[in-house]
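Numbering (the numbering used here), first residue to last: 5 to 449.
Since the structure comes first, as structure tokens, the remarks are kept for the end.
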């Protein structure tokens, strides 16, 4: 008879205790409680990743990748308590069990835990961990508070994780003024760290911001200025035209972070010096004091109920076509070396250099021009089809996602496919190993 590992049992109990115990804690017994509301949902998805033929990221198939099945179970809980004095307490938590070839992994993530106060009629103060949404874009938010959180490959199915912060809002007759501060909170990002395992992600830098938003002549505007060691400014605009069309635009400019520029150029030099023997010039974008990112797009709802979103994204911090060509040249040469087994150690070392550069440059999304589209349409009552395309306009590669979903009452079932496409020597062609099939269920109660 097998014995239960006391350490594992303690880990399970602590995870479940943190995740569910928080939802039945003190707020429900506070004096002055007027309304309380709690909800739970169970999500489960299985994802099958299908490795493709040898690619530039796996020359000669030296990584010996095999199909991998990953299962994830999420227990999501939310609780909200409203009080007579105008206060509001909110908590959202996720207990997560992951199953893959490395064995089971159980952890907890505190998505939100904050208290809202209403000290004056037109003044609100929030304190705690909270999800803040800023910007008008669907795919990306260059004018948001944390634009790096919105990426091409983000998981929209899981509940988002907030930031620890304090912020205040004051409502004027025609605009809203917001100021806030999020502290730096650092801890180890590994399975052995208590805070990482049971609370969530650290905050690498402190952020201070001021934001003004309002509506003028049918146009919604929002301006942002923030500082986290570097200055950032952002501007977003949106307008609704009739009953079917909405257009939006947002722009964000941020100073370069000195260490990031140094690291990025050093990794770029390492690739090209090995290939050409000459020291290349620094990346063109890093020669400027900062970088501009902009997004332009719109929503259109058809008479039959279908919804189309189209957006264009300019990435001012991205590589030029010439710089990207040099990186691809290095990786193509690595593939030729992989034709001979005796070169595998060298190929592996060169691949590590290329992977490090791509990660620092923001792959995928490291070039300058992209177009994105999403079309969602109800085929039958409770049955909908969603199609997403992310297109690199520089090298004509892209990513296609298809999702068929059934939803009825508190139950939903979806089946999705993710397919990168493009030439072998292209950005999304590097994602040949990222072909995926995904099945997901969600039950609320």
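The beta carbon of each residue, even a glycine, is placed where N, CA and C say it ideally should be.
Since the structure is predicted, the reported quantities are computational estimates derived from the model, not experimental observations.
- The way I'd put it, the segment 291–299 doesn't touch the segment 361–373; fewer than three beta-carbon pairs between them come closer than 8 angstroms.
- By the Cβ rule, the segment 235–246 does not count as touching the segment 328–338, because fewer than three pairs are nearer than 8 angstroms.
- In the structure shown, residue 354 adopts helical secondary structure according to DSSP, grouped into three states.
- If you draw a straight line from the Cα of residue 420 to the Cα of residue 100, it is about 21 angstroms long.
- With respect to residue 257, residue 296 sits close: the two C-beta atoms are nearer than 8 angstroms.
- Listed in chain order, the non-local C-beta contacts of residue 395 below 6 angstroms within the same chain comprise 375, 402, local neighbours out to five positions each way being set aside.
- Take residue 184, set aside five residues on each side of it, and the residues of its chain with a beta-carbon closer than 6 angstroms to its own are 169, 171, 213, in chain order.
- Out of 276, 81, 399, the CA that lies nearest to the CA of residue 41 is found in 81.
- Shown here for residue 269: same chain residues with a beta carbon closer than 8 angstroms to its own, the five before and five after excluded, namely 286, 287, 290 in chain order.
- The three-state secondary structure of residue 61, taken from DSSP, is coil.
- When DSSP assignments are scanned along the segment 344–391, the uninterrupted stretches of alpha helix (DSSP H) that are 4 or more residues long and fall wholly within it turn out to be 348–365.
- Taking a contact to require three or more Cβ pairs closer than 8 angstroms, the segment 45–63 and the segment 418–437 qualify as touching.
- Here residue 444 is bridged, per DSSP, to 49, 418.
- As the crow flies, the alpha-carbon of residue 229 is around 12 angstroms from that of residue 150.
- Under DSSP, the beta-bridge partners assigned to residue 254 are 240, 299.
- DSSP, read as helix, strand or coil, puts residue 156 in coil.
- Just measuring C-alpha positions, the residue of 308, 313, 181 sitting nearest residue 378 is 313.
- Judged by DSSP secondary structure, residue 334 falls within the alpha helix (DSSP H) whose first and last residues are 325–341.
- When DSSP states are grouped into helix, strand and coil, residue 263 belongs to the helix group.
- Taking each of 225, 447, 200, 132 in turn and checking the Cα distance to residue 186, the smallest one comes out for 132.
- Annotation: the continuous alpha helix (DSSP H) that includes residue 199 extends over 198–202.
- The segment 224–242 makes no contact with the segment 111–122: fewer than 3 CB pairs, one atom from each, lie closer than 8 angstroms.
- Assignment of residue 268 by DSSP, reduced to helix, strand and coil, places it in the helix class.
- Looking at the DSSP output, residue 88 bridges to nothing.
- Taking 3 residues as the shortest admissible run, the segment 115–195 contains the following complete beta strand (DSSP E) segments, listed from N- to C-terminal end: 127–134, 167–175, 179–186.
- By the CB criterion at 8 angstroms, residue 135 and residue 166 fall inside the cutoff.
- Comparing C-alpha distances from residue 407 to each of 53, 317, 440 shows the shortest one belongs to 440.
- Contact annotation: residue 55 and residue 342 have beta-carbon atoms that are not nearer than 8 angstroms.
- In this structure residue 180 touches residue 218 by the C-beta definition: roughly 6 angstroms separates them, less than 8 angstroms.
- In the three-state reduction of the DSSP assignment, residue 220 falls in the strand class, which pools E and B.
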